[in-house]
Amino acid sequence: MLVEPIKSRPVYKGITVDPRARRHIFVLEGEGANALLEQKDKLTPAILAETDILYVARGSVGRGYEEALAALDAGSDWTAPTVETLLFRLKVVLGSADMGTRLYIAGTEGFIGQAMQIALDAGMDYSAIPTEHRGSLARRVQCVHCKGITENVTTSPFTCTHCGLSLFVRDHYSRRIGAFQGVIIDAEEPGNVPEPEELYL
Amino acid sequence: MSQTDFSVRVASVTPVAETIKRFRFERVDGEALPIFSGGAHIVVSMKDGSVTRRNAYSLMSDPADPSGYEISVAKAEESRGGSVFMHEKVKVGDVLTISAPVNLFSPDWRGRKHILIAGGIGITPFMSMMAQFDKAGVAFELHYAVRERARGAYLEDLVARYGSARVKTYVSEEGTRIPLEDILTRQPLGTHLYVCGPDRLIAGVLDAGRDAGWPDYNLHAEHFLTPPPGKPFSVELTRSGKTVAVGEHESILEALEAAGVDAPYLCRGGACGQCETGVAACEGILLHNDLFLSDDEKASGKKIMICVSRFEGQRVALEL
Numbered sequence: 001m002l003v004e005p006i007k008s009r010p011v012y013k014g015i016t017v018d019p020r021a022r023r024h025i026f027v028l029e030g031e032g033a034n035a036l037l038e039q040k041d042k043l044t045p046a047i048l049a050e051t052d053i054l055y056v057a058r059g060s061v062g063r064g065y066e067e068a069l070a071a072l073d074a075g076s077d078w079t080a081p082t083v084e085t086l087l088f089r090l091k092v093v094l095g096s097a098d099m100g101t102r103l104y105i106a107g108t109e110g111f112i113g114q115a116m117q118i119a120l121d122a123g124m125d126y127s128a129i130p131t132e133h134r135g136s137l138a139r140r141v142q143c144v145h146c147k148g149i150t151e152n153v154t155t156s157p158f159t160c161t162h163c164g165l166s167l168f169v170r171d172h173y174s175r176r177i178g179a180f181q182g183v184i185i186d187a188e189e190p191g192n193v194p195e196p197e198e199l200y201l
Numbered sequence: 202m203s204q205t206d207f208s209v210r211v212a213s214v215t216p217v218a219e220t221i222k223r224f225r226f227e228r229v230d231g232e233a234l235p236i237f238s239g240g241a242h243i244v245v246s247m248k249d250g251s252v253t254r255r256n257a258y259s260l261m262s263d264p265a266d267p268s269g270y271e272i273s274v275a276k277a278e279e280s281r282g283g284s285v286f287m288h289e290k291v292k293v294g295d296v297l298t299i300s301a302p303v304n305l306f307s308p309d310w311r312g313r314k315h316i317l318i319a320g321g322i323g324i325t326p327f328m329s330m331m332a333q334f335d336k337a338g339v340a341f342e343l344h345y346a347v348r349e350r351a352r353g354a355y356l357e358d359l360v361a362r363y364g365s366a367r368v369k370t371y372v373s374e375e376g377t378r379i380p381l382e383d384i385l386t387r388q389p390l391g392t393h394l395y396v397c398g399p400d401r402l403i404a405g406v407l408d409a410g411r412d413a414g415w416p417d418y419n420l421h422a423e424h425f426l427t428p429p430p431g432k433p434f435s436v437e438l439t440r441s442g443k444t445v446a447v448g449e450h451e452s453i454l455e456a457l458e459a460a461g462v463d464a465p466y467l468c469r470g471g472a473c474g475q476c477e478t479g480v481a482a483c484e485g486i487l488l489h490n491d492l493f494l495s496d497d498e499k500a501s502g503k504k505i506m507i508c509v510s511r512f513e514g515q516r517v518a519l520e521l
């Protein structure tokens, strides 16, 4: 299926620790832990002392990362049971953070998008937040018809989990809701739905 | 006069401090001027004998007041003629041409809080910004430093208008300095910082901001350069077929205007990018003085900002 390039499609440029920041908050999901672990050599004791790690394994192949992150001996290190609890904690942490704080987000696109929403609500600008895509290509998709959001979409088209329409997954991305847009694929000829392709495994 | 210019009469000239005067302009036809946004500037054209000088000045009156515009002009120590002309020649009742307002220093309205840092006459863009912040109920702090009290424009006025909690003043002659580190390390997320004043102040504040861990995105500066003097040269223009001589104390843009060539411009200070001009041929060195082109673009030798940059060598041709 031809997917035309769309400007709103987020670009994740990768995470590098900014030594000038006075506090570092790493928000990591599953294999996103590697985005931090792989820069061990840049993590001086001074940086680590001012580092907070918020990690969630989710259902990904996140095994073993919890121990590896703990071994970094950062200022604080916390593993959340679910993405929702992590986002709630992030909101509290950013609520009292100051301008010397750098937030880094790594994980799947759906996770990055949701953490980014919390950060934007806290007054940060997306261009000042380094992000790194790790793990599955699964997308968080909003049905433009019923507005319901379906997590972990790996195929296009897919069936909306809220209203049951067959949706074509576009690259059109909403930063405000942190999701790609899904549009009905068989509007002209109901029932004529192409075979789903696994585009986002 | 282009369509976006206005013919204005000088309604008042008020001495504000040593070497600083405030000018009020009202339209000759009595019509309203456009309202503008905080941080905007206008370009004032001055007919000084056979020379037309054009200088950019920040608007400092209330942006919502269309009855007139006010600017404050400091007599520059190394004036190229503009500020001296404004101080010595311009009188109440004179008619001048001004451009429509242009804003290259607009605050980020998504910001939760705004820190304004001014040095000397750099206070002017913040005066219109503060009027707008105050009306909109947006949190701001002004930190305003001057060398000596006698040269400090509006020191007392601003404290009286916005209160000593929001306006802090510093006088270097009296040994008070902006406590940058203290200011920068206690700001909530979503704060934006703006600095306007001498180059040294701007560089110092931006550096201190980065050292305090601020993202570049939240640090803003109003950088206007004055065209530096240099060796005279001449430019060939490929489209109009003219050859124009550029004098020692003249920018390429000023020389073109004097020769009747209508070249695009906005800020006249190397910041906005409007006067970007293609270089058709160059046998020599382009002396890039602007803040707009990237290092790669400067090195490519294909573009020049004619408001501040110069040339040294045999021959240069511009696509104009």
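In order, the protein sequences belong to chains A and B.
For the first sequence, the numbering used here assigns the number 1 to the initial residue and increments by one for each residue that follows.
For the second sequence, the numbering used here assigns the number 202 to the initial residue and increments by one for each residue that follows.
For each residue, glycine too, the CB sits at the ideal point set by N, CA and C.
Computed from a prediction, not measured in an experiment: that's the story for all the values here.
{"Query": "Helix, strand or coil at N256 (chain B) [DSSP, three-state]", "Result": "strand"}
{"Query": "Bounding residues of the beta strand (DSSP E) (the contiguous stretch that carries V480 (chain B))", "Result": "E477 to L488"}
{"Query": "Cα-Cα separation between L2 (chain A) and E188 (chain A), rounded to whole angstroms", "Result": "Residue confidence is low: L2 (chain A) scores 48 on pLDDT, short of 50, so the model does not pin down where it sits. No coordinate-derived value is stated."}
{"Query": "Interfacial residues, the segment 92-104 of chain A to chain B, with Cβ spacing under 8 Å", "Result": "L94, A97, D98, M99, G100, T101 and R102"}
{"Query": "Own chain partners of G14 (chain A) with C-beta closer than 6 Å, once the 5 adjacent residues on each side are dropped", "Result": "E132"}
{"Query": "Cβ neighbour criterion (16 or more within 10 Å) applied to S529 (chain B)", "Result": "Within the shown structure, residues of chain B are numbered from 202 to 521, placing residue 529 (chain B) beyond reach of any answer."}
{"Query": "contact_flag[the segment 151-169 of chain A, the segment 112-124 of chain A] where n(CB pairs < 8 Å) is 3 or more", "Result": "no"}
{"Query": "Status (buried if at least 16 other CB within 10 Å, exposed otherwise) for H24 (chain A)", "Result": "buried"}
{"Query": "Residues sharing a beta bridge with Y270 (chain B), DSSP", "Result": "B:F226"}
{"Query": "Short CB-CB distance (under 7 Å) between S8 (chain A) and chain B", "Result": "no"}
{"Query": "Reduced DSSP secondary structure (H/G/I, E/B, other) of A110 (chain A)", "Result": "One point to set straight first is that residue 110 (chain A) is Gly, not Ala, in the sequence displayed. G110 (chain A): helix per DSSP, three-state reduction."}
{"Query": "Nearest-angstrom Cα separation, counted from M287 (chain B) out to K504 (chain B)", "Result": "33 Å"}
{"Query": "Min CB distance P19 (chain A) to chain B below 7 Å", "Result": "no"}
{"Query": "Q142 (chain A) versus G113 (chain A) - alpha carbon distance", "Result": "12 Å"}
{"Query": "Spatial distance of R20 (chain A) from G414 (chain B) (CA atoms)", "Result": "5 Å"}
{"Query": "Span separating the alpha-carbon of I235 (chain B) from that of Y466 (chain B)", "Result": "Reading off the sequence, residue 235 (chain B) comes out as Pro, not Ile. Looking at the two C-alpha atoms, the distance is approximately 20 Å."}
{"Query": "DSSP-derived helix/strand/coil call for A21 (chain A)", "Result": "coil"}
{"Query": "M261 (chain B), DSSP secondary structure in three states", "Result": "coil"}
{"Query": "Residue closest to S238 (chain B), alpha-carbon to alpha-carbon, out of B:E477, B:R255 and B:K336", "Result": "B:K336"}
{"Query": "Exposure label - R211 (chain A); buried when at least 16 CB within 10 Å", "Result": "Outside the shown range of chain A, which is 1 to 201, sits residue 211 (chain A), and nothing can be said about it."}
{"Query": "C-alpha distance - E382 (chain B) paired with L407 (chain B), whole-angstrom precision", "Result": "12 Å"}
{"Query": "Any C-beta of chain B under 7 Å from that of A122 (chain A)", "Result": "yes"}
{"Query": "P216 (chain B) (DSSP reduced to helix, strand or coil)", "Result": "strand"}
{"Query": "Any C-beta of chain B under 7 Å from that of K13 (chain A)", "Result": "no"}
{"Query": "Residue-chain proximity (R22 (chain A), chain B), Cβ-Cβ < 7 Å", "Result": "yes"}
{"Query": "beta-carbon L402 (chain B) near the ligand ZN non-hydrogen atom, thresh 6 Å", "Result": "No copy of the ligand ZN occurs in the structure displayed, which carries no ligand at all."}
{"Query": "Residues that D408 (chain B) contacts on chain A, provided the C-beta gap is smaller than 7 Å", "Result": "Within chain A, no residue comes near D408 (chain B); the closest Cβ sits about 10 Å away, beyond 7 Å."}
{"Query": "Buried/exposed call for P130 (chain A), threshold 16 Cβ in 10 Å", "Result": "buried"}
{"Query": "is_contact[A413 (chain B), chain A] using C-beta, thresh 7 Å", "Result": "yes"}
{"Query": "One or two residues paired with L426 (chain B) in a DSSP bridge", "Result": "In the DSSP output, where bridge partners are listed per residue, L426 (chain B) has none listed."}
{"Query": "Contact list for F390 (chain B) against chain A, beta-carbon separation under 8 Å", "Result": "A small fix is needed here, since residue 390 (chain B) is Leu in this sequence, not Phe. Neighbours of L390 (chain B) on chain A, chain order: L94, A97, D98, M99, T101, A122, G123 and M124."}
{"Query": "Rounded separation between E458 (chain B) and A464 (chain B) - CA only", "Result": "7 Å"}
{"Query": "Minimum Cβ-Cβ distance from A80 (chain A) to chain B less than 7 Å", "Result": "no"}
{"Query": "Nearest-angstrom Cα separation, counted from G471 (chain B) out to L492 (chain B)", "Result": "6 Å"}
{"Query": "Counted within 10 angstroms of its Cβ, other Cβ atoms place T215 (chain B) as buried (16 or more) or exposed", "Result": "exposed"}
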